[in-house]
Amino acid sequence: MRKCTFCTIITADYLPFARTLWESLMTIDKNIELYVLVCDSKTRTKESNLIFLNIDDLAKDSRCQRLLEKYGITDEFRWSMKPILMSFLLNQCCEKIIYVDSDIHFYNDFTFLFSELDAFKIIITPHWRSYDPKKDSNNFEKNFNEGLYNAGFIGANKNSLDLLDTLFEMCFYKCEKNRNLSLYDDQKYFDLLPLLDEHVKIIRHKGCNVAEWNMVECPRSLINGEVIISGKYPIIFIHFVTYTIKRALNGEDSLLEPYVKSYRDLIMKYHPKKLDIIKNVT
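Positions in the sequence shown are counted from 1; adding 103 to them yields my numbering.
If you want it as structure tokens, here you go:
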């Protein structure tokens, strides 16, 4: 059986999040690999199936140097490095790759996502923000200001290299938040991907990328002791951005509260000081 290969990009202070992500993957399937690009460290280590890379590992790709010269070691650099890291790994070690942000945590079988990459070059996940301005005007407007798809997840196979390069060129052009130009870092560019190639798959499983932004369109319910999304979908992964944590802990998204508390315990296990990031934000 081929390994399911994941990757993420962090700065060194987010190592506890990468390790927690790895643990969540291993709980579901021990036949995985997680590659972690640490942008501000020279560390290069391998701990079984958890592999740490640094910028020097990708230095032969001229695109990496172009980004460094333009952005330096910044958030914009990290976001723009996604297609480069994914291309590197597809060329070096795997047939399929899934990038996820380090603050994502998996809870159920994810292998169907890799199966989608048998037929599709790219897979992306919608935010599922509110489509009803009367129910949630803030997230309704963000559909247009911040993008339809979440840039914290993207999967690709070996046939996607041209699309990944197109994504890189867009990020190199501008990676910034600029509402006047309808730009939002790398994320708004994801809106173009389904138009660029018919082999881009929109993942419609609403248990993927569960977060504060999809509370309206992805209602949570407790069925036989399990949190189910939209009445039918088990949670595949939760995106623990600040407001996902905040809304779970203040009661707005109460069914996610146990997930937040267990996630917090895992972060504390790897680095107690990092607990500050996900304390009771109420």
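Glycine is no exception: its CB is placed at the ideal position from the N, C-alpha and C atoms.
Distance check for residue j and residue i, CA to CA, integer angstroms please.
i: N353; j: M318; result: 14 Å
i: R323; j: L140; result: 34 Å
i: T146; j: Y366; result: 26 Å
i: S218; j: K237; result: 38 Å
i: Y292; j: I338; result: 26 Å
i: L170; j: S183; result: 8 Å
i: G310; j: F209; result: 10 Å
i: M273; j: A259; result: 17 Å
i: N312; j: L161; result: 28 Å
i: F49; j: Q290; result: Since the first and last residues shown for the chain are 104 and 385, residue 49 lies out of range.
i: D294; j: I326; result: 34 Å
i: V384; j: T347; result: Annotation note: pLDDT 42 at V384 (below 50); position unreliable, no value reported.
Which class does residue i belong to by DSSP, given the choice of helix, strand or coil?
i: L137; result: strand
i: E150; result: strand
i: F155; result: strand
i: N383; result: For N383, the pLDDT reaches just 43, beneath the cut-off of 50, and the residue's location in the model is therefore unreliable, leaving the point undetermined.
i: I395; result: Any question about residue 395 goes unanswered here, given that the chain covers just 104 to 385.
i: I305; result: strand
i: A314; result: coil
i: N211; result: coil
Provide the residue(s) that pair with residue i in DSSP beta bridges, ordered along the chain.
i: P229; result: Y252
i: N281; result: L286
i: R323; result: I332
i: C110; result: Y138 and Y202
i: K349; result: None, per the DSSP bridge assignment.
Can you tell me whether residue i is buried or exposed? The criterion is at least 16 other CB atoms within 10 Å of its CB, across all chains shown.
i: F215; result: exposed
i: D235; result: exposed
i: K149; result: exposed
i: N134; result: exposed
i: L298; result: exposed
i: T130; result: exposed
Relative to the C-alpha of residue i, which residue among the options is closest?
i: R350; options: P337, W316, I338 and D368; result: W316
i: I306; options: E355, D164, L299 and N253; result: N253
i: E249; options: C278, D265, F223 and I176; result: C278
i: P186; options: C167, G310 and C196; result: C167
i: K372; options: I158, R105 and F120; result: F120
i: D159; options: K173, S144 and L153; result: S144
i: N283; options: F271, F247, P297 and L264; result: F247
i: S240; options: V330, E320 and L325; result: E320
i: N211; options: S263, E244 and F340; result: F340
i: F343; options: L118, L124 and D116; result: L124
i: K163; options: I176, S151 and Q195; result: Q195
i: L118; options: Y276, F155, K304 and D265; result: F155
i: L330; options: K304, A222 and L358; result: Reading the sequence as shown, one finds Val at residue 330 and not Leu. Ranking the options by Cα distance to V330, first place goes to L358.
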